[in-house]
Each structure stands twice: as C-alpha cells, then as structure tokens.
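Residue numbers (the UniProt record's numbering), protein chains in the order written: chain A, 1 to 570; chain B, 1 to 570.
All remarks here apply to the structure that follows.
The following block contains the structure:
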C-alpha cells in the first residue's frame, strides 16, 4: 500500500509515504463479511501461515492456527496479516529509505505509537476495500493494536480476540524494555543508529532479545525445559562460556534474532509499547471502552508474568462495566507469555467457536438441549417464574444452559461467570458471553444495580463467605435468585437425630469427607441471615422433588431445596 | 588475614595468599560462645553496621538489624562480617594484585565456588580464635555460604539462619546471570578483563546491575513504587532517554553501582552462584544435610521470585527428613528478594528469638503457661494419657503450647507445623521448632513412620480433604492423636431436629455463614471412615465438658468432643 498524503504521527513527526507488507489466505466472500485480520506481536511479521516460497524452512508463525480446515479455517474466512508500522519486514520503518535523503531513516524515523500503528492497519484495510472486519485477533503487542482498532474505529470490527495482552505495561515490563534498549544503545556498533546492514549492534540487540526471551517464558517452563542441565558435560568447565543449556539456548536465540531483526526497529517498537496506556489517555479503562461496538473474547495465561492475567481482567472488567459483550478465559499453562504461540490446540477451539458465533445468529435450536442437565428443575422455575426479561448475570454459570434459555426464550441480555475454563468454552460455543472468575472475588467491578437479575443457583453452600457474597449480589442486582439445598429437610434431621451421622440426601449427596459444600444451612437459617443484612425476600418457591408442584406445608421440614427471589431493602 | 599456604580451589586453580577484610562489633565473651557471623550477599561487603568513618554518608547495609539494643544486640553478641573471597571490598579477588605478576589478576584469577568461599570464612574464623559460632546468618548468596559452612564444618556452628536463599539457582536465575555477564563481556571497555580502574566496562556492568535489580524487586513492589510515573512531565518526550521513573531509577542504580563494584568480580561471583548445587554434589538435598549439627531457621518471602519460597521449602524438607532442628517462616511481603534488607522489623524479632533460644536452655518456667489457651482441656489428656515420649509432630501447632509441654514435661522431640506466621514466631520464642506450611500440602516429604506421634487437634473439621489427610497422618506417624468436635452431640441433633436450624454449640460455636469448619461429622462418621481406609482405633476418650471425667454412656450422643488414638492397620 502506498499512502499518498502526509501521514502525521502522535509524536508530531510526519511520514511522506507508508508502505505495508502483507499476506492473505483464503477468499473474501461476496458481501465482504468473512475477513479475519491478524495483528502480530513485537518480533512477528506478515507471514502468519503456510510457506511463502519453496525456500522457506518453516511455515508462518501461527501456521497451527490458520489454514484450510484449521481453527481459523481459510476455506471459510479471508485471513489477512500485515507487518505493522515501524517493523522491519516490509512495512515502512527505521530501516526503510527516507525519501528526503535517499538514506535509511535510522534514528531520523519519527517516534510512533500504538494508535499510529492501528491507524495504518485501518487505512490498509480500507485500501483492501473491506468495510467491516469479522474479527481482529491480536496476541501480546498485537492485542494492543486490536484494542486500538476497536476503540478508534468502532464500526470497523464486529469482534475482537485479545490474547495475552494488556492496556498498559507495568513498571517491571517497562524496566525490561529499558534494559534491552540500553544494551542496544551501549553497543559500540550502534553508531547513533547509522550502521551498515551487516555490521549492526548485534551484541546489544542479542542481549535485548535474551532479556525479552526470558520474559516470554515462565519460571516453571524454563525449569521443565532446561533445569540445570549442562550442554556438553556432567562437569563444570570453570569459565565464562555458555555451558548451562539455558545459556546456550538464549545465546542461540540472540544470534538468530539479529539475522532477521533491525535494532532501530526494536528501539521504536518497544518505546511504542511503553507509551501505550489507555487509562492515561481516556482517564479510565472504562471510558476507553465506552464506545466500542465489537464483541470481545479475552484470553490470558496463568503463568504469563509479562502481561499477567490481572491485566486481562482489568480489560474484561472495563468491558463488563460498559455492558459490552465480553467473554474471558484464563488458561492454565506453564508456557508463560509464549503460550499463545505454542498451545494453539488449547486456544484454537475457543477462537473457532467465537468467530463462528460472531458470524452466525445463534438460536435455541442448537444452543442447548432442553433439560439437558439432569436434576436442574430449578432452571424451569427460574425461567418461567422469576426472570422475566432484562440483564441477567449468572454466577457459576456452568455450560451456560440457563443463560442460553433466558437469552433465546425470554430475550434477556446475559452474562455468565464461572471458574472452570471448560465451562467458558461451552458457553462460547452457545454464543453465551462468559467470564472466567471466582464469584467471591470478582463482583466489585460491577456497578450498583447493574443487572436486573443475578442468579446464584445451588452454589451458596460451596462459597467461603456466603454473607459477604449475598450482600454483593443484592448490590449489583436489582433482584437476585438464590437456590440451595435445605439442610433442615426431614431426612437430614432424622438421619442426624436417630443415627448420629452426618446426613446424605439426594440434595446433599456427598459423604461428609468429600463434599464440595462447606456451609450447611436451612431455609430458616437463610431467612434469618437475610433479615440481619437487610435483604428482602420477595418470593419463595420450594419445589417438590418430582419437579411438579410446590411444597406449601412446613417447607423447612419437607423441602429438599428452595428458590428465593431477593432484593436489597431500600 | 593472610594465609601462608597455597590455597587450592575446587576449579583446580590456586591462590598463594588470601587476604580477608572484615569488621566486628561488640565483644567476644570469655568462653567465646557469643559470636554471630554474618555472610553478606552478592554486592555486599564487610561493613554491615554502624559508620566506619565520619565520612560515611550512610551506615552499614544491615544497620537496622545489628547494633547496641537492636535485634542482633552487639551488647550481647560479638558480631563479625567479612567480605567474601573474590569480592572487591578488601578481600582477595580479581581486582587484587597477582603476586606472580605484580599486576591485577583480572581474568587470570582462578574460578572459585561457594565451597571455596565458605572455606575462607571458616579459616578466617579459626584465625580469630573462635571455636564455635553461636550463629551464622546469611541472606541470598550469603545463605549459600551459611549452608556450606554448616555442611562442611558441622562442629563450627550451633545455629544457622538462612534468608531468601536457595540450594541451587533455577534456569531463570541462571539465565539472568548469563545475560548480565554477556553485557559485561560485550562492553568495548572490558578488554578481556584488563581495564584501568577508572575506565572499566561501565555500561555493561551497569546493564548487569539493572537486570539484577529487577530480579531483586517484585512486580507488585515495582508497581507500588514506580507504577507508570514519568520523571519530569505529564507528557511523553518521544525519545529514548530514560523518562519513566522506573527507567531513571534503574539508570541511577546502574551508574552508582559501577562506582563501587568491579566488573571482573561480578563475573566470578555470579558464576560461583550458578555452580552452587548441593543436589548435584551430594546426590540429594537430604544427603547434603545429613551430617549438619546446627539448629536452622529458614525464612523466605512470598514475592521473592529470584529465590522463591519453594526453594526454601526444599531446604526445610531436607532438614526435616533428617530429623534436624529446623524452623521455617514464609513471610508475606511485596518487597521481593530485597525484603530481608528492607523489612528488618519483620525478620528481626524472629532472629532475635532464635539466636537467644540457641544460647539458652529453655525450660517450662517461661516456655508456656499451664492452661494458657482456654478450652484446651484436650492438651491435658494428650499429654498425660496419649503421648508418652518420642518424636512428636503437631499439625496446626498454633503457638506451640502443647509441644512445649511435651518437650519439657514428657521429654519428647517435637516439631510443629502451622500456616500462620505469627504462630511460628511464638514457637521460636519458646524454642519449639516450627515450620510454616499448609498441613494438607506438606506431609509428602516425611518418611513412613518418621514420628512416634502425630497430633491433629481440633483441626480435621477445617481441612479440605480429611480422608487423604488421615491416610497421610497414619503413614508418617506410628500413632496419631486426632481430636474434633462431635457433630452428633445431643444439642446439635436437637437443634436441627426441633428448630430446623444449623446448630451452634460450645464446641461448634460459629454461625453457619462464618464458620472456619467445612466438614461436619460425628464420632460414628469418623469411625466409619477409619474402617474404610484401614485405620485402627486404639483408644478413644470422650471428655466431659467440665474437663473432669469421661463420657462413657452413649458417647456419640453425649460427647461434645472426642480424642482418638489411631494407627495404620499393618
């Protein structure tokens, strides 16, 4: 792409022309609705999949993910990836020729930001004649670009996948970047950025890469992969040459990197990352995401310490606060930040389902099977008698069955929370937005009265601090539906009284020593607690076990479980 | 100290003389029993406390800890600190003059190991005429020296304090060291180690220091201290100069460091750390600590990711496996590896008590007050009827009262485990060895039948997996004492049966929603579980509430709590 007009940058600098290197896979369909745009990470390039030429020794950097029949199926989707502004793999950057001088830009290249880079992405997509992208997917720094596109050009994207990314670098990440740049700047061959192609600041750039590489792996990952193994011998060599396998590996990574990457680009790109700070620009993350229109799927990795899960959670919280359609999963992995490049089989199905659900209208015909979860007769009651319409939050949503019903039948806007990543995957498949979180630790970010209904179904007895949780629930929900097994059912009472043993019943089916339940309480106990914390009980249904009819006579004695509609006393 | 003989090193190299720079504080007492030896960390020196001269701008590096009336009280103890072998603050190292050439050693200095360094410490203490050190205290690399002294010279030390240290560097720590050395070796002023004092590889050494510094702090610590603050302005400067506060700080640290440290020393010392690996040398950590005679106190910090708590736990496990006297605390801190230099008020009281208990024979007159814990009538029964003598492990030992009694009255060898760091502190004060750990997650390292008795007192009902825990307990203990509240006591039964409410009693005093108890069971339940996992019940006592007499009639109905002696079916 050549851009004729002068391109003004946030830093005040200008570029007279911008060329973009890109690759595409698959075919754009007639209405242009199947375009998936991939934003690469710091040291990536446009070659995201397949082999560009017969000389290629290995395929594109995300080849496991993208291709015919793969998770991002190029037989269905038109996949585009471009090298970003300032890169050194074809798109205009510090190693390009400055039209004013006929020499390489070097440090004369103007500083640019993630916003500038996203603008180039957007202008490039315009040039391709694509009005709306079905999905923009970005990992790490690519996620910053994806966010920025969704924020700056809300009409341009229908959905966004953010993987292992952040809305801002923390002090530690800035520090690592600074040390890497220092190593480049200190290299005697750096020569103020004017170095010949074959004699650049290789040792400095190699050191920067080594530091980066450590931050991309996790401590556990490095331990598993290298441990304290020595490369050649059982004994120490007593010198300063690389001898531990991890040293040799990093040394090799550093050497390979300088063959393909430009030191000036490294300086500019890491600075753009350092500067990225949505909160600084918009005042808050919540404001930053206020006008996005895309659906979001956010993924983090448990062992990622460069852009840790907490950073993804902040993004999710901001989207949730804005009542945007967002799903989130925190994937358990020991591969650290690099997990998204390594564990494509874990992330692949999520992305496949998410993109598919974006491109299809999901209806109840396939989203769930009626009564598929056995023993969940409470769902019928909740759906038919308690939650009529409005915004619904389901705490401990499981596979999203109740929410799919409420969405499809009652036309509710729904959101689920669950701590189980597989459940999140099942929800994505149903097109039900679901966020990975501990329900006892994640309600703070919701506003007072944000939901019409909050549902907590058969979960209160497994929580650590039920009193605090109930108070939060009636804060964020105008009404709440709580269901739980009744510990004072006659069979419980009789078992303890007559046999002197901890009761087990159909509603409390576990042995005392392996029960997930940690609190045992009756309807009376629950009602007393509600009174003590100013919770009003609006309605109470005690279903018969058979699922038909209601226990009206002595419900605390004859009810196995109870369903309550509650709200905060005003 | 000058050492006349040739000093042979593990690497095969030799030194013709070794000079040691040191400082002392306080007075050695007549029988030479009050000497406390401090081993400093990588970049420390002998100047551990006070002001050496009127020109000193700040006191020694651990001045908050050491001095008259301080935690290590120089009015009681004779405190010694020496610069270690290979350092650059007075003791022989690469920047010393090579007697063979009359020039600085530089890279002609032989490689040395932690073992060599510990040998110099020991020879130096011999020279001082001190036969036995009351305590050796070392943080970080200093901890490696302290361990090595205790292992190689078991008679030389009565007690050891290991702080934020490790028995081996992990792959990540080796990697950081390697990158730091790379930066020094790549510096054009390094000149193969032959550089003038005022023109060394400053940028390389500065980069190494910056990397090191990042690893000494925690992500949270850096976030709190620096966040994304800019040094001078609200706006970005759009250049590559340090502008974030964290950049400026690291830059400053790097610059200051090169003024006081020698680059060659940095290479040698970090290599010695890399090479330190007790497991490699002895076959296992357990074997490494087999013949130590000292008492140990091990401390780690929750946010230390350089030498993380798991590394300290391995050391503790190895000591425990050898039935050594060991205490351990993992201190909650956001200061990372550097916490031991910063939070002296946290670690100080522990060390004060530990050193004091080492120098005194603790007797029951002050170790505990009889019946000081109200309602613990079970202690009397355990002490008088169940645990006669032998090795005792108390799971959830609290402040160590039961163990102090068993040690002082029944002459048992005792060890406690507790998850509360304050409890560990209280145990240290009583001279009761206690290890910070989750009892459900820490029994693996004990051998079959390692203890004569394992005690689990009023804790089973709070554990997550009581069945698995019981099985582990009877594996590691020849006998075990288990006490718990009886959920089938008549008042529980009656409350649930007649009032339909979760019971609260004197033994189960909590409301259902804020109880720490997560499993509720009766004596019958417990006995059935024991049968199902082949646990033999050897004795059972159901005390009357008043603390006198025993419930013989229908104990599962009239007993509020039960005390069992159990063992594994053979």
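We treat Cβ as the ideally placed atom computed from N, Cα and C, and that holds for glycine.
The alpha-carbon of residue 93(A) is positioned some 7 angstroms away from that of residue 265(A). Nearest neighbour of residue 561(B) by Cα position, chosen from 542(B), 554(B), 552(B) and 421(B), turns out to be 542(B). In the DSSP annotation of this structure, the continuous segment of the beta strand (DSSP E) that includes residue 330(A) starts and ends at 326 to 331. The shortest CA-to-CA distance from residue 569(A) to any of 470(A), 417(A) and 483(A) is the one to 470(A).
For residue 12(A), the closest alpha carbon among the candidates 115(A), 25(A), 24(A) and 91(A) is that of 115(A). Taken through DSSP and simplified to helix, strand or coil, residue 71(A) comes out as coil.
Here residue 308(B) carries a coil assignment [DSSP, helix/strand/coil]. When secondary structure is reduced to three states using DSSP, residue 194(A) falls in the coil class, being assigned neither helix nor strand. Pairing residue 80(B) with residue 9(B) gives a Cβ-Cβ distance that is not under 9 angstroms. Assignment of residue 164(A) by DSSP, reduced to helix, strand and coil, places it in the coil class. Residue 223(B): member of the alpha helix (DSSP H) spanning 219 to 225, first to last residue. The alpha carbon of residue 108(B) has as its nearest neighbour, out of 239(A), 290(A) and 513(A), the alpha carbon of 239(A). Against chain B, a Cβ distance below 8 angstroms from residue 181(A) picks out 240. Shortest Cα-Cα distance from residue 408(A) to any of 399(A), 521(A) and 430(A) involves 430(A).
Annotated three-state conformation of residue 512(A) is helix, per DSSP. DSSP, read as helix, strand or coil, puts residue 543(A) in strand. Neighbours of residue 351(B) in chain A, taken as residues whose beta carbon is under 8 angstroms from its own, are absent, since the nearest beta carbon is some 28 angstroms off. In terms of CA proximity to residue 38(A), 142(A) leads the group 53(A), 142(A) and 111(A).
When 7 angstroms is used as the limit between beta carbons, residue 236(A) is near these residues of chain B: 275, in chain order. In chain order, 219 and 305 make up the part of chain B whose C-beta sits under 9 angstroms from the C-beta of residue 305(A). Distances from the alpha-carbon of residue 514(A) to those of 462(A), 488(A) and 530(A) put 462(A) closest. By the criterion of a C-beta distance shorter than 6 angstroms, residue 520(B) is surrounded in its chain by 487, once the five residues flanking it on both sides are discounted.
Nearest to residue 46(B) by C-alpha distance, out of 91(B), 149(B) and 69(B), is 91(B). Identification of chain A residues near residue 168(B) by a Cβ-Cβ cut-off of 7 angstroms yields 228, ordered along the chain.
The beta carbons of residue 71(B) and residue 348(B) sit closer together than 9 angstroms. For residue 462(A), the three-state secondary structure derived from DSSP is helix.
Using a C-beta cut-off of 8 angstroms, the region 284 to 301 of chain A makes contact with the region 319 to 335 of chain A, since at least three inter-stretch Cβ pairs fall below that distance. According to DSSP, residue 436(A) shares a beta bridge with 418(A). By the Cβ test, the region 222 to 231 of chain A is in contact with the region 243 to 253 of chain A, since at least three Cβ pairs between them sit closer than 8 angstroms. Here residue 30(B) is exposed. Its C-beta has fewer than 16 other C-beta atoms within 10 Å. Exposed is the label assigned to residue 14(A), since fewer than 16 other Cβ atoms lie within 10 Å of its Cβ.
Taking the C-beta atoms as reference points, residue 250(A) is found nearer than 9 angstroms to residue 178(B).
The region 165 to 172 of chain A makes no contact with the region 185 to 196 of chain A: fewer than 3 CB pairs, one atom from each, lie closer than 8 angstroms. For residue 172(A), the chain B residues whose Cβ falls inside 7 angstroms of its Cβ are 214, 219 and 222, in order along the chain. In the DSSP secondary-structure assignment, residue 97(B) is bridged to 104(B).
Contacts with chain B (Cβ-Cβ distance below 9 angstroms) from the region 505 to 521 of chain A involve 511, 512, 513, 514, 515, 517, 518, 519, 520 and 521, listed in chain order.
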